[in-house]
Each structure stands twice: as C-alpha cells, then as structure tokens.
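Asker:
In our numbering, the protein residues as written are 24 to 106.
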C-alpha cells in the first residue's frame, strides 16, 4: 500500500473529475436559478398584474376624466414606449 494513503493523506483527484463536478454544479445552479426566478415572477404578477385598458379607464374615471377610446389607446401606447 502507498505510504501516503496509510498516513491518512488525501489522494489527489484528477483534473477531469474536478472539471466534471464544476460543470454539473454550474448546470444545476442555472436550472435551479431559472425555476426560482420563474416562481418569483409568477407570484409577482399575481400580486401586481400589468395594467390593461380596463384598469386605465377606471383610473381615468376616478381622476374625473371621461376616458375616450382614443385617449385610452394613446396612453397605453405611451406606456408601452416607456418600457
């Protein structure tokens, strides 16, 4: 038996195995991160849905404006352009 192994020294791991473990860990991290981000965004959009034309009409009426179709579409287009 090798003298270093008997003394309890750690045997050197080949470079290929280290690279393989690093690649597997990176892939697992990327997949896990994707699903965590996906879950976060789904929860976010449930709590804060994106604004639509009906919500815009309600906001305009609550501010005392009469929402014409032209005005609603114009404001929706402005909001899309800002993104």
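Built from N, CA and C at the ideal position, the CB exists for glycine as well.
Fair warning: this is a prediction, and the values are worked out from it, not measured in the lab.
Identify whether residue 75 lies in helix, strand or coil by the three-state DSSP scheme.
Answerer: Residue 75 falls in the coil class under three-state DSSP.
Asker: When the distance is taken between beta carbons, is residue 83 closer than 8 Å to residue 90?
Answerer: Yes.
Asker: Report the three-state DSSP secondary structure of residue 86 (helix, strand or coil).
Answerer: Note: residue 86 maps to coil in three-state DSSP.
Asker: In three-state DSSP terms, what is residue 35?
Answerer: In this structure, residue 35 counts as coil in the three-state DSSP scheme.
Asker: Work out the CA separation of residue 76 and residue 96 for me, nearest whole Å.
Answerer: Straight-line Cα distance between these residues: approximately 8 Å.
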